[in-house]
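Chains as they are written, first to last, in the working numbering: chain A, 23 to 194; chain B, 6 to 610; chain C, 261 to 504.
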Amino acid sequence: MQQEVVLALLAKEPSHGYELRAQIERALGPLGAGFNAGQMYVTLGRLEQAGLVSSTREAVASDRPERRTYELTAAGRERVDQWLSDVTWPRPDLTNFHLKLMVAAAQRLAEPLDIVAAQRRELVRRLRDAQRAAMAEPDGSDAALLLEGVVLRIEADLTWLDACERTWSDGR
Amino acid sequence: MTSIVLLYRLARRDLRRRPAEALLLLAALAVASTTLTIGLVLHGQTAVPYAETRQRTSGPDVVAALFPPPGRSVTGADRDRLAALAGRREVAARSPAFPTTWASIEAAGVNGVAEVQGRDANPSPVDRPAVVSGHWVDGDHGGVVVERAFARALGVDVGDHVTLDGQRLRVVGVAVSAALPPYPQLCTIGCILDRPGWPSAQPGLVWAPRHEVGSLSSGREPVVWFQYLRLHDPSTAPAFAARYGADGPPTGRTDLEPWQAIAARQAEQLSSERTVVVFGSTLLVVLALATLAVLVGGRMADEVSRVGTLKAAGATPAFVARLLLASYLAVGLVAAAVGLVAGRVLAPRLVARSAGLLGASGPTSVSVGDVLIVVGTILAVVVVASVIPAWRAARTSTVHALAGAGRTPHRSRLIVRASAGLPPPALFGLRFVARRPRRTLLTAMSIAVAVCGSVVALYAQASLRAERGPAGGPADPQVAQLHTVLLAVTLLLVVMTAVNLVFVATASAVDARRLLAVARTLGATPAESAASLGVAQVLPAIVGLVLGFVAGSAIFRALAAHTVTPPLAQLAGLALLAVCLVVALTAVPARIEALRPIAETLREA
Amino acid sequence: MSGVVRVVGLAKHYGNGNALVRAVDDVDLEVATGEAVVITGPSGCGKSTLLHLMGGLDRPDAGEVWIAGRRIDHTSERTRARLRRDNVGFVFQEFHLMEELTAVENVELPALLAGRSSRQARRRATALLEQVGLERQAGHLPSALSGGQKQRVAIARALVNEPAVLLADEPTGSLDSAATIEVLRLFERLRANGQTLVVVTHDQRTAATADRMVGMRDGAFVEDVALGPETASAAQILTAGSRE
Chain A
23 MQQEVVLALL AKEPSHGYEL RAQIERALGP LGAGFNAGQM YVTLGRLEQA
73 GLVSSTREAV ASDRPERRTY ELTAAGRERV DQWLSDVTWP RPDLTNFHLK
123 LMVAAAQRLA EPLDIVAAQR RELVRRLRDA QRAAMAEPDG SDAALLLEGV
173 VLRIEADLTW LDACERTWSD GR
Chain B
6 MTSIVLLYRL ARRDLRRRPA EALLLLAALA VASTTLTIGL VLHGQTAVPY
56 AETRQRTSGP DVVAALFPPP GRSVTGADRD RLAALAGRRE VAARSPAFPT
106 TWASIEAAGV NGVAEVQGRD ANPSPVDRPA VVSGHWVDGD HGGVVVERAF
156 ARALGVDVGD HVTLDGQRLR VVGVAVSAAL PPYPQLCTIG CILDRPGWPS
206 AQPGLVWAPR HEVGSLSSGR EPVVWFQYLR LHDPSTAPAF AARYGADGPP
256 TGRTDLEPWQ AIAARQAEQL SSERTVVVFG STLLVVLALA TLAVLVGGRM
306 ADEVSRVGTL KAAGATPAFV ARLLLASYLA VGLVAAAVGL VAGRVLAPRL
356 VARSAGLLGA SGPTSVSVGD VLIVVGTILA VVVVASVIPA WRAARTSTVH
406 ALAGAGRTPH RSRLIVRASA GLPPPALFGL RFVARRPRRT LLTAMSIAVA
456 VCGSVVALYA QASLRAERGP AGGPADPQVA QLHTVLLAVT LLLVVMTAVN
506 LVFVATASAV DARRLLAVAR TLGATPAESA ASLGVAQVLP AIVGLVLGFV
556 AGSAIFRALA AHTVTPPLAQ LAGLALLAVC LVVALTAVPA RIEALRPIAE
606 TLREA
Chain C
261 MSGVVRVVGL AKHYGNGNAL VRAVDDVDLE VATGEAVVIT GPSGCGKSTL
311 LHLMGGLDRP DAGEVWIAGR RIDHTSERTR ARLRRDNVGF VFQEFHLMEE
361 LTAVENVELP ALLAGRSSRQ ARRRATALLE QVGLERQAGH LPSALSGGQK
411 QRVAIARALV NEPAVLLADE PTGSLDSAAT IEVLRLFERL RANGQTLVVV
461 THDQRTAATA DRMVGMRDGA FVEDVALGPE TASAAQILTA GSRE
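Structure representation (structure tokens):
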């Protein structure tokens, strides 16, 4: 879980840890299912240590567990601003697969077309899973957009695999 | 200049791309312009052969006929009066007075009445009948000369024998004269038909040696004396006739007939033929218009995307409209030319076989006016039928046109709802009808026009049959002629309608192609598909049939003085024939379409 | 037990000599009841021709086609039409709806063809439109519907005679991604309800909804993969998707 997400969720007003968790789960939909509840508190602890959030203990009845309200510090606020203007983007790393095909062909270790086919099967399966998850989402769900992104990325990879297949079947 | 070259090139390409359609259009327009030309050529055509006959036979300006008073013979005093009339100073030349009587005639089983005129062997100064075969009457050798139209009707020629009141005589010649109207109009001038059964007969002229008339009549038949006069000024003939004609005492009345009246009788026959042809050509022009409308409308969808390309390339709407018109105008001009030539060649064959006149098959000319009328009509038809869709296509937005969208089918809630409970062929057929109401209307109209023409023809034939004398009499050349003309015009109508029907059926089949393919994927069998196309054609055809019958009989009733209703069997036969024709002509394209592989159609779509 | 659709040694060629195209070249396929099969491959690989052959829209040059236990490749056009009517529903890329008929009139058309009464047909069509979520558009003409809605009407039309198999030819080929989802959701529901589906597509996304994917190249099958019913966990989807 990215620390900046948690920080940004606190930007408007102080909040409890369990509220933050619920917000994130809503945004992720089915993808948030594996999200570990304890991880939120670990993250918040780390942020407090780094001086980006501060917490105050709330007075509660003795039979309830204690509740902490978390609040953004000035440093934390600065960190959120930085995060929002950040434009780094994950680079797709295709080099590995590309080299796999090259080496397999050069060393006569395997047929590149078989490698492509196997890879496609795997990607189609993933696509199917993402697709079904996307279709299971109700209308207007936030998570549907994320799943759409996942589907499009896999589609892009599959399109590249098609290009690989065409090139290698032309008797490279 | 460049744009004209471009226009020419594009129009030529367009015609080449669809040779079948161009040919069909050409055929339709050519048939229409041919009949139109025939109609025009007939107009005023009689004057020429009659004038020629008159000139070549030294025809009279006035015919004088001296009739005996009832129950008596002409007296010497009567004949003196005729001689005095012939001696008037307006008269430039005169023939001798010829005794004329009436006798029954029989030739090879054909019975009729002959007007027998006694003539001399030497040629008369006025009226020298032109002998077309054999020789003129000769008192020494006997034998008779028969007027050509009458000879044809009797079926006799030189060398045959005829029996005049039981007297067997040889036919020595066949001749043509301008003095009296040829068979069967002869008796429009002075006839005395006083034997039982004769009043309804139509006599023909026979020239015999003078003495034969005496022996034929032998006092039983009244003898009328004919004398032919030439005036100093032929144009005064009507005035001369009016002044001196039929003014004598009741005994020995003299009828005078000016040559203009005889010429008018000649024209009568042609005028009824002209009516038939003009009526026929009007119907054919309407049919040509229908063909053209189907043709133009049918290809608009296709044309629209082509127009889009042109417009995207920078052509103005006006240019596009001109281009669309140009293709059709080119075809129209060729068709008009073909029609003029064909009409010029066919007109004499179809009509001018008037045996009673000389030079009848002589040159019939197509005047400049005729050419202008034919070309003008055809071009007007082309412009009317193509300018509206051309304009619409040209004004279509370029983007829409490039997308290739044709006209969206029409929706008729009523028909859709009504057809839901019907078996599949009727269900689809009705919906096809609803999809293209204009095309349906055209089908109905084409059939209506053809049926209307055929019904009028049937009525006319029935009337002609009723007018024809008793069976066994000589053939009436006029009736035979009208039959031929009627038949020719009806045939042209039927051919044109058939062409039209095939075309509409094909256009509808192509239009419905994709839809039928889809219907077949949904489980419609080929038979059901073909039947639905059939229903789409037969329904409007039945409407057209009914309209045609109503309009046809109404038109004939309006045109003809007395109407003879043709036998019911004939009318029913016509209806049956029309339906069968529609079914047969539709079935072929429909069947072809219904058996097209579905996959192929869907691939194209 | 034989499948709903079975083809054996199927072949279809176009042209001849050097221009001979083996659109379908000795193909065997059996689709079990309730199975959702996708035939995929680049355009021109023969997948549409195969689908047409399976639905009896075209005659094969060799081989057999069996639908619902009946061999149809050598029967008359009429018999095949009847068989299609009762056992096969077609869905096309271009929808092929009758433009002048409303949605519900389009859907009831095959039912009317099959000889049902107009009331029965209307009732069934209305129910199907409800199933595809278009009950409110029943009276609309196709021109008033979006692409996805048109295709859903076409699917409802294909289902009106309760066919043994639904054959779809590039059903999402003319649709944008939102409309594609609409249609794929519908297919997913049909699959879940046990409708046998054969979908031809070159779209990966459409392909990914099947139980089984058959890859086709140059008229022949190059792979036949069961995608299996098991679904990956959410975390797996996320990591699979963001494979940097």
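Every residue gets a Cβ at the ideal spot worked out from N, C-alpha and C, and that includes glycine.
All values reported here derive from a predicted model rather than from experimental measurement.
Any C-beta of chain B under 7 Å from that of residue i
| i | result |
| --- | --- |
| C/L426 | no |
| C/D436 | no |
| C/E324 | no |
| C/R384 | no |
| C/A341 | yes |
| C/C305 | no |
| C/F350 | yes |
| C/E360 | yes |
Nearest-angstrom Cβ-Cβ length linking residue i and residue j, presumed shorter than 8 Å
| i | j | result |
| --- | --- | --- |
| C/A374 | C/D346 | 7 Å |
| B/V161 | B/A112 | 5 Å |
| B/G348 | B/V46 | 6 Å |
| B/A439 | B/I420 | 4 Å |
| B/P545 | B/T445 | 5 Å |
| C/T309 | C/A283 | 4 Å |
| B/V118 | B/L198 | 7 Å |
| C/T461 | C/E448 | The pair is not a contact, with the Cβ atoms about 14 Å apart (cut-off 8 Å). |
| B/P430 | B/V540 | 6 Å |
Per DSSP, cross-strand counterpart(s) of residue i
| i | result |
| --- | --- |
| C/D429 | C/V460 |
| B/S109 | B/V118 |
| B/Q172 | B/L169 |
| C/H312 | In the DSSP output, where bridge partners are listed per residue, C/H312 has none listed. |
| B/Q232 | B/A69 |
| A/I63 | A small fix is needed here, since residue 63 of chain A is Tyr in this sequence, not Ile. According to DSSP, which records beta bridges pairwise, A/Y63 is partnered with nothing at all. |
| A/Y92 | A/S37 and A/S77 |
| C/K272 | C/V284 |
| C/D484 | C/V474 |
Short CB-CB distance (under 7 Å) between residue i and chain C
| i | result |
| --- | --- |
| A/E177 | yes |
| A/L149 | yes |
| A/V146 | yes |
| B/A604 | yes |
| B/P368 | Since pLDDT at B/P368 reaches only 45, below the 50 mark, its modelled position is unreliable, and no value is offered. |
| B/T51 | Any reading at B/T51 must be qualified, since the residue scores a pLDDT of 49, below 50, and its modelled position is unreliable; the value itself is stated next. Cβ-Cβ to chain C under 7 Å: no for B/T51. |
| B/A408 | Annotation note: pLDDT 48 at B/A408 (below 50); position unreliable, coordinate value reported separately. No, B/A408 does not count as interfacial toward chain C. |
| B/R440 | yes |
| A/M62 | no |
| B/L20 | no |
Residue-level contact to chain A via CB, residue i, 7 Å cutoff
| i | result |
| --- | --- |
| C/R412 | no |
| C/E523 | What is shown of chain C runs 261 to 504, which leaves residue 523 of chain C out entirely. |
| C/A468 | yes |
| C/L227 | Coverage of chain C is limited to positions 261 through 504, which leaves residue 227 of chain C absent and any answer about it impossible. |
| C/R445 | yes |
| C/Q380 | no |
| C/Q464 | yes |
Near the ligand FMN: residue i beta-carbon under 6 Å from a heavy atom
| i | result |
| --- | --- |
| C/H462 | Looking at this structure, you won't find the ligand FMN or any other ligand, since it has none at all. |
For this session: Check whether the stretch 328-343 of chain B touches the stretch 376-385 of chain B, taking contact to mean three or more Cβ pairs, one atom from each stretch, closer than 8 Å.
Result: Counting Cβ pairs under 8 Å, three or more are found: they touch.
Problem set entry | Members of the stretch 519-543 of chain B near chain C, C-beta cut-off 9 Å | Those residues of the stretch 519-543 of chain B that come within reach of chain C (Cβ to Cβ, closer than 9 Å) are R519, L520, A522, V523, A524, R525, T526, L527, G528, A529, T530, P531, A532, E533 and S534.
Exercise. Counting pairs of Cβ atoms below 8 Å between the stretch 89-108 of chain B and the stretch 193-208 of chain B, do you hit three or more?
Worked result: As far as the Cβ criterion goes, the stretch 89-108 of chain B touches the stretch 193-208 of chain B, which means the pair count is three or higher.
Problem set entry | Stretch-stretch touch, CB-based, cutoff 8 Å, three pairs: the stretch 264-277 of chain C with the stretch 287-304 of chain C | Yes: at least three Cβ pairs fall under 8 Å.
For this session: Inspect the CB distances between the stretch 143-158 of chain B and the stretch 187-194 of chain B and report whether three or more fall short of 8 Å.
Result: A contact exists between the stretch 143-158 of chain B and the stretch 187-194 of chain B.
Problem set entry | Contact between the stretch 232-242 of chain B and the stretch 127-136 of chain B (3+ Cβ pairs under 8 Å) | With a cut-off of 8 Å, the stretch 127-136 of chain B and the stretch 232-242 of chain B count as touching, because enough Cβ pairs lie within range.
Problem set entry | Contact the stretch 416-436 of chain C vs the stretch 297-315 of chain C: 3+ CB pairs below 8 Å | These segments touch.
Exercise. Just checking, does the stretch 452-471 of chain C make contact with the stretch 397-412 of chain C on the three C-beta pairs under 8 Å criterion?
Worked result: The stretch 452-471 of chain C vs the stretch 397-412 of chain C: no contact.
For this session: Examine the Cβ distances between the stretch 23-43 of chain A and the stretch 115-125 of chain A and report whether three or more of them are shorter than 8 Å.
Result: Short answer: they don't touch.
Exercise. Within the chosen definition, does the stretch 454-468 of chain B reach the stretch 571-588 of chain B through at least 3 CB pairs nearer than 8 Å?
Worked result: Cβ pair count under 8 Å is three or more, so yes.
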